[in-house]
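Protein sequence lines, in the order shown, are assigned to chains A and B.
The opening residue of the first sequence carries number 89 in this note's numbering; numbering runs sequentially from there.
The opening residue of the second sequence carries number 89 in this note's numbering; numbering runs sequentially from there.
Glycine is no exception: its CB is placed at the ideal position from the N, C-alpha and C atoms.
Protein chains: 2
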Amino acid sequence: MANIEIMSVGNELLIGKTLNTNAQWMAKRLTTLGLNVRRITTVSDDVDEISAAVNEAISRKPDFLITTGGLGPTFDDKTLEGIAKALNAPLELNEEASKMVEEKYKTYAQERGLEKIELTPARVKMARLPKGAKPLPNPVGTAPGVIIKHQKATVVSLPGVPSEMEAIFEKSLEPLLKKLAGKATFFEASLGVSGMMESELAPIIDKVMHDNPYVYIKSHPRGQEGIPHIEIHLSTTAEDSATAKNRVSRAIVQITETIQTKGGKITRFKAK
Amino acid sequence: MANIEIMSVGNELLIGKTLNTNAQWMAKRLTTLGLNVRRITTVSDDVDEISAAVNEAISRKPDFLITTGGLGPTFDDKTLEGIAKALNAPLELNEEASKMVEEKYKTYAQERGLEKIELTPARVKMARLPKGAKPLPNPVGTAPGVIIKHQKATVVSLPGVPSEMEAIFEKSLEPLLKKLAGKATFFEASLGVSGMMESELAPIIDKVMHDNPYVYIKSHPRGQEGIPHIEIHLSTTAEDSATAKNRVSRAIVQITETIQTKGGKITRFKAK
């Protein structure tokens with residue numbers, strides 16, 4: 089299965105100011121596409137930190153490394169500098185990106201009734217990409233996304249503003265990821281269980297996972313161990329949709345039967 | 089300044105099922121204590137993945153590495169196994185942890201009107217800690233937290249259930265972290281700016297950061313680049329509270345003056 093790594097860049101995440109909803113959004117999208125998100129890394133707006141983390145990620149040989157954040161016009165937007173350092177691909181003005189940025193400021197000038205908005209160094213910065221990279225158009229903001237191949241990995245950088253990240257992901261990235269995933273499909277289901285403690289469910293889950301090696305089963309305690317209510321989540325990614333559904337269905341039947349035999353009760357069932 | 093790494097363990101985070109609120113909660117607490125969160129890593133419930141990520145974190149020489157998730161009774165709770173492998177400290181039954189777990193099940197038995205609840209292998213598992221580790225009492229759940237020293241780092245494992253993670257953090261971990269931080273203090277302030285684009289603010293922020301080398305300044309676009317509303321966030325961690333406040337205040341005055349001179353407007357101001 090294809091492996092993806094997500095890297096979130098931004099001090100605001102490391103000081104707990106911002107909740108990392110971008111990583112969750114992307115992880116869900118990638119999983120639904122049939123891809124495996126192997127790791128999510130959050131680093132600060134520091135060239136050396138970004139560069140080290142990119143090198144470490146590349147050494148784990150992901151198919152895609154997708155970064156979010158740090159593409160804007162300010163001094164603290166350092167993602168491309170970090171990637172440039174890691175891949176030994178120095179930043180240089182990219183013609184295509186330059187045109188994209190120029191067009192944006194023409195539009196902004198018109199909107200504000202100005203003759204023109206000057207292309208200051210801060211604005212040109214958004215068009216300085218690592219050598220060999222291509223820009224991805226940003227339908228809702230200024231800074232283009234960036235894509236560059238390095239060894240086995242494709243490194244993609246998206247802005248940190250959620251609407252911009254999502255728009256570039258959907259327009260430019262999703263078609264590539266769909267091609268990578270092929271017919272692979274993710275399928276999940278969940279059961280609510282009452283009347284059993286998580287520690288009583290543990291050997292049941294072990295047995296069902298053993299008998300269904302491709303289904304991942306995880307229990308999430310929702311009550312307390314003393315007054316238990318457990319959610320059991322089953323998921324798999326298979327080479328096609330029918331296989332994924334069959335696998336999860338088989339595991340659901342087995343786990344439900346065993347739970348009921350042992351005196352537990354299924355309070356809820358959801359599959360999608 | 090003391091460096092901390094957070095590691096979140098759980099497939100539910102990598103498939104986008106769960107938003108990583110634990111990491112944000114902890115990052116905020118650690119930052120407020122005057123500590124520097126250097127990296128947040130999310131890995132799957134896989135012994136080799138956990139072990140590799142722990143080794144990588146240890147090699148960056150953090151003062152503390154704090155993990156969340158994967159301490160429960162089920163087969164997929166593999167955090168301690170991963171840590172044991174990384175630190176070459178095999179799992180063994182810990183007497184103290186064993187008593188904690190035993191006491192919990194006595195209480196649960198009483199609550200349910202049972203004579204006793206048997207200590208099955210799944211339940212005993214929560215008392216099997218890496219050699220040399222100590223348990224941290226869990227005031228609201230079953231699985232104890234775990235603490236172990238390795239080289240320069242203290243590795244602490246907390247459960248993934250937020251209420252349990254927070255309770256052990258506050259009771260057992262915070263006193264150690266306060267000692268580590270000493271008088272170090274984090275201070276932050278934010279300004280809302282209208283009437284200027286982020287790319288116009290960029291050179292102003294650069295200048296103020298240059299003149300105030302210990303203050304970290306970051307702009308967050310809240311509107312669009314064309315119809316801009318920007319939040320500027322200033323923060324520092326200093327050796328004591330007065331120094332932290334002085335540093336941020338000086339930067340605020342400089343940035344406000346410059347923004348107003350260039351035609352921008354401060355729409356909001358918050359300091360804490």
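Are there 16 or more other CB atoms within 10 angstroms of the CB of residue i, so buried, or fewer, so exposed?
i        : result
A:GLN198 : exposed
A:PHE163 : buried
A:MET214 : buried
B:PHE152 : buried
A:TYR304 : buried
A:GLY229 : buried
B:THR109 : exposed
B:GLY311 : exposed
B:GLY157 : buried
A:ILE103 : buried
B:ASN99  : buried
A:ALA359 : exposed
B:ASN176 : exposed
B:SER251 : exposed
B:ASP299 : exposed
Taking DSSP as the reference, what is the three-state secondary structure of residue i?
i        : result
A:ASN124 : strand
B:LYS358 : strand
B:TYR304 : strand
A:PHE163 : coil
B:ALA90  : coil
A:GLY248 : coil
A:THR106 : coil
B:THR230 : coil
A:ILE205 : coil
A:LYS350 : coil
A:MET285 : coil
A:ALA141 : helix
A:LYS222 : strand
B:LYS173 : helix
A:ALA111 : helix
B:ALA326 : strand
A:LYS271 : coil
Tell me which same chain residues have a C-beta within less than 6 Å of the C-beta of residue i, skipping the five on either side of it?
i        : result
B:ARG216 : LEU179, LEU181
B:THR130 : SER96, LEU101
B:ALA115 : VAL125
A:GLN342 : VAL296
A:LEU279 : ILE320, ILE354, PHE357
A:GLY352 : VAL281, GLY283, MET284
B:ILE146 : ALA241
B:THR106 : GLU100
Report the partner residues of residue i according to the DSSP bridge assignment.
i        : result
A:THR344 : Note: A:THR344 sits in no beta bridge, so no partner.
A:ARG216 : A:LEU181
A:GLY280 : A:GLU319, A:ARG356
A:VAL336 : Paired residues: none, contrary to the question.
B:LEU153 : B:GLU93, B:VAL243
B:HIS238 : B:ALA241
Who are the neighbours of residue i on chain B, taking C-beta pairs under 7 Å?
i        : result
A:MET253 : The premise fails here: A:MET253 is roughly 13 Å from chain B at the closest Cβ pair, so nothing lies under 7 Å.
A:ASP294 : PHE163
A:ALA290 : PRO161, THR162, PHE163, ALA210
Would you mind telling me which residues of chain A sit closer than 7 Å to residue i, beta carbon to beta carbon, in chain order?
i        : result
B:ARG369 : For residue 369 of chain B there is no data in the structure shown, the boundaries of chain B being 89 and 360.
B:MET297 : PHE163
B:TYR302 : Here the premise fails: no neighbours, minimum Cβ distance about 14 Å.
B:GLY352 : Here the premise fails: no neighbours, minimum Cβ distance about 14 Å.
B:LYS361 : With chain B represented from 89 up to 360, any question about residue 361 of chain B goes unanswered, as that position is not in the structure.
So, for residue i: in the same chain, excluding its five sequence neighbours on each side, which residues have a beta-carbon less than 8 Å away from its beta-carbon?
i        : result
A:LYS333 : PHE275
A:LYS350 : MET284, GLU288, ILE292
B:GLU203 : ALA197
A:PRO161 : ALA210, ARG211, LYS213, MET214, THR230, ALA231
Anything in chain B within Cβ reach of residue i, meaning under 8 Å, just list it in chain order.
i        : result
A:LYS240 : Those within 8 Å of A:LYS240 in chain B number zero; the least Cβ separation is about 18 Å.
What residues in its chain sit with their C-beta under 7 Å from that of residue i, if we drop five residues either side in the sequence?
i        : result
B:LYS271 : GLU327, ASP328
B:GLY170 : VAL135, ILE138, SER139, VAL142
B:TYR193 : ILE205, LEU207, ARG211
A:THR167 : VAL97, ILE138, THR155, GLY157, GLY158, LEU159, SER245
Run through chain B and tell me which residues come within less than 9 Å of residue i, C-beta to C-beta.
i        : result
A:GLN112 : LEU101, GLY104, LYS105, THR106, LEU107, ASN108
A:GLY280 : What A:GLY280 touches in chain B: nothing, since even the nearest Cβ is about 15 Å away.
How would you list, in chain order, the residues of chain A whose beta-carbon sits under 9 Å from the beta-carbon of residue i?
i        : result
B:ILE128 : SER96, LEU101, LEU102, ASN108, ILE128, THR129, THR130, VAL131
B:SER323 : ASN99, ILE103, LYS105
B:THR119 : LEU102, ILE103, GLY104, LYS105
Would you mind telling me which residues of chain A sit closer than 8 Å to residue i, beta carbon to beta carbon, in chain order?
i        : result
B:GLU144 : GLU144
B:VAL249 : PRO309
B:LYS116 : ILE103, GLY104, LYS105
B:LYS267 : The premise fails here: B:LYS267 is roughly 21 Å from chain A at the closest Cβ pair, so nothing lies under 8 Å.
Run down chain C in chain order and give the residues with a C-beta less than 8 Å from the C-beta of residue i.
i        : result
A:VAL125 : This model lacks chain C altogether, as its protein chains are A and B.
Would you say the beta carbon of residue i comes nearer than 8 Å to a heavy atom of the ligand GDP?
i        : result
B:LYS306 : As presented, the structure is devoid of all ligands, the ligand GDP included, so that no description of it is given.
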